[in-house]
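Asks:
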Amino acid sequence: MIIQPTSVAALTWLGAAAGASSEGWRIGNVLSARPLGINEQGLLVLQVGGLAVAAEAPGTRLPPQFQVRVLSVGAQPQLEILGVDTHPDTGVHQALRERLPQQNGYAPLLATVGALSQWSLTKQLPPYLRSALALLEHSMSTPRELATAEGLRQAVQRSGLFLEAQLAQAPASDATTAHDDMKGALLRLVAILKGQPVLGESNDAEVDPPLLYRGVVPQGRLPLPQELAATSEATDLLPRLYTDVQAALARLEVAQLQANPNHWIVEIPVQDTEGADVLQLSLKHATEAEQDWTMGFSLDLPALGPIVGELHLRGMRLSVRLWAQHRETVERLEDQFDDLRKRLEASGLFLDQLSCQFGLPQAGNGMSAVFLKATV
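Heads up: the sequence shown at position 193 corresponds to 194 in this note's numbering, and the numbers run straight through without jumps.
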């Protein structure tokens, strides 16, 4: 069983509470744990080292004493329960342990690819690498495509999350199945760049938990380090490109390993003439009600700043909640509400709620998909 503690009020996991040792909270370390009881929210409270965490109760009874292994650290550590016959240590868990320390979002990769797209650098690259980068850009979506339902559906399909399923269903003679798929493009680049030095490898670095456990989080554009932003040599950027591609591929594979028919998260790079951004979508189906779906999304655009949204559809009734970090963005979104109401009425949906709040939602609020909270 995997458990996912989530920080509350900037809780510092690395040794801040009850004598917990910072040496203990390292990836791969094993800590002692024991169940303490059930809290008022119906969550199982566990003592892990010197900290108490709350988790959804597993389907199997836990013994008075057991151990957990640290899979990731940082603000939201991930722990694996050991020595308890809940679920065997499957290949999925092993794959997660390997990829979690490597994962990162698309923003660093998009910054590196953007730098290499300058003609003065592009012409220095060998043709096969230029072709692979062109395929990567071809796999990205455009704002115009995402403005339609069909365009959004296609963007999700080629996000990489479903590549293996599509390959399994495609005829053996069809060589174009992965042509515009994001994972296919990343795999091509990894194969071409193999042998480049990998930057920033460290077992002590903070590791983000799987997206399924932390909800949608806006991801803004990242600048290149100053020494790379000023370089005129394409070869200076290739080690970073290799690192960024591997990190993005690991992140995508973590999302694949965590996905299930009732909950999955997909990240879609979106490119226009001024740069590339990341749209993150979360789709969750309430298993107790067939017509109960929740879709979360996040986006960080240079002109609007970070935006988070949640759409809850129950039958034909829809609730829409938006959050924006900048007050002027809240006003701009609210100016579009009348038009949105008319469109929803024309589609036959009943709008129960439509709101936009100033500030971003905190972890643990509705759409955040938080499975565990930590207390001391």
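Backbone N, C-alpha and C fix where the C-beta goes; we use that ideal spot for every residue, glycine too.
In the structure shown, what three-state DSSP assignment does F338 receive?
Replies: F338: helix per DSSP, three-state reduction.
Asks: Which residue comes first and which comes last in the alpha helix (DSSP H) that contains I193?
Replies: Run containing I193: 183 to 194, per the alpha helix (DSSP H) assignment.
Asks: Mapping the DSSP letters down to three states, classify T113 as helix, strand or coil.
Replies: Helix, per DSSP.
Asks: Taking Cβ to Cβ, would you say R333 is nearer than 7 Å to S356?
Replies: Their beta carbons are not under 7 Å apart, which means R333 does not touch S356 by this criterion.
Asks: Hey, how far is the Cα of S23 from the Cα of A53?
Replies: Note on S23: pLDDT 45, under 50, position unreliable in the model; the coordinate value appears next. Straight-line Cα distance between these residues: approximately 16 Å.
Asks: In chain order, what residues of the same chain have a beta carbon less than 8 Å from the beta carbon of R342, not counting five sequence neighbours either side?
Replies: Within the same chain, R342 has close Cβ partners L352, L355.
Asks: Please state whether the Cβ-Cβ distance between S299 and V217 is less than 7 Å.
Replies: The answer is yes: Cβ separation under 7 Å.
Asks: Taking A96 as the reference, give the member of Q272, L253, V46 with the closest Cα.
Replies: Residue L253 is the option with its Cα nearest to A96.
Asks: Determine the contact status of P362 and V279, defining contact as a CB-CB distance below 7 Å.
Replies: Result no, Cβ atoms of P362 and V279 do not sit closer than 7 Å.
Asks: With the cut-off set at 7 Å, would you say L225 and A116 are in Cβ contact?
Replies: The answer is yes: Cβ separation under 7 Å.
Asks: Considering only residues of the same chain and omitting the five flanking positions on each side of P65, which have a CB-CB separation below 8 Å?
Replies: Taken in chain order, the residues that qualify are R35, P36.
Asks: Where G382 and L47 are concerned, what is the direct C-alpha to C-alpha distance, given to the nearest angstrom?
Replies: Residue 382 cannot be examined here, being either before or after the span of the chain that is shown, 2 to 377.
Asks: Opposite S356 in the DSSP bridges: which residues?
Replies: R322.
Asks: Rounded to whole angstroms, what is the Cα-Cα separation between D181 and E268?
Replies: Approximately 15 Å between the Cα atoms of the pair.
Asks: Tell me which same chain residues have a C-beta within less than 6 Å of the C-beta of D245, skipping the five on either side of it?
Replies: Result list for D245: P109, L110, T113, in chain order.
Asks: Report the three-state DSSP secondary structure of E311 (helix, strand or coil).
Replies: Residue state, collapsed to three classes: strand.
Asks: Does T295 come out as helix, strand or coil in the three-state DSSP assignment?
Replies: T295: strand per DSSP, three-state reduction.
Asks: In chain order, what residues of the same chain lie with their CB nearer than 7 Å to the CB of S140, ignoring the 5 residues before and after it?
Replies: The residues are R159, D181, D182, M183, A186.
Asks: Where does the unbroken beta strand (DSSP E) through D273 begin, and where does it stop?
Replies: Looking at the DSSP string, the run of the beta strand (DSSP E) that includes D273 is 264 to 273.
Asks: Rank V255, P307, D293 by C-alpha distance to the C-alpha of L314 and give the top, closest one.
Replies: Ranking V255, P307, D293 by Cα distance to L314 puts D293 first.
Asks: Hey, quick one: how far does the alpha helix (DSSP H) through H286 stretch, first residue to last?
Replies: H286 -> not in any alpha helix (DSSP H); beta strand (DSSP E) instead, spanning 276 to 286.
Asks: Assign I82 to buried or exposed, taking buried as 16 or more other Cβ atoms, counted over all protein chains shown, within 10 Å of its Cβ.
Replies: Answer is buried; the Cβ neighbour count reaches 16.
Asks: For A166, count neighbouring C-beta atoms within 10 Å of its own C-beta (all shown protein chains included) and say buried if the count is 16 or more, exposed if not.
Replies: The residue in question, A166, is exposed, as its Cβ has fewer than 16 Cβ neighbours within 10 Å.
Asks: Spatial neighbours of L164 within its chain, please: C-beta separation below 7 Å, excluding the five flanking residues on both sides.
Replies: Around L164: A179, D182, K184, G185.
Asks: Would DSSP call Q227 helix, strand or coil?
Replies: Correct three-state label for Q227: helix.
Asks: Beta carbon of Q220, beta carbon of G106: below 7 Å?
Replies: Against a cut-off of 7 Å, the Cβ pair of G106 and Q220 comes out as a contact.
Asks: Could you tell me the boundaries of the beta strand (DSSP E) in which Q155 lies?
Replies: First-last for Q155: 150 to 158, but that is the alpha helix (DSSP H), not the beta strand (DSSP E).
Asks: Closest to G360 by CA distance: which of D340, L350, E346, W324 is it?
Replies: When only C-alpha atoms are compared, the closest one is W324.
Asks: Is it buried or exposed, K285, if we count other Cβ atoms within 10 angstroms and call 16 or more buried?
Replies: So K285 counts as buried.
Asks: Please report the residue range of the beta strand (DSSP E) in which R70 lies.
Replies: First-last of the beta strand (DSSP E) with R70: 67 to 73.
Asks: Determine which residues share a DSSP beta bridge with Q79 and list them.
Replies: Q79 pairs with S73.
Asks: Bridge partners of S33, per DSSP?
Replies: Its beta-bridge partners are Q68.
Asks: Under the three-state reduction of DSSP, which class applies to A206: helix, strand or coil?
Replies: Residue placement at A206 is poorly supported in this model, since its pLDDT is 47, which falls under 50; the coordinates still yield a value, given next. Correct three-state label for A206: coil.
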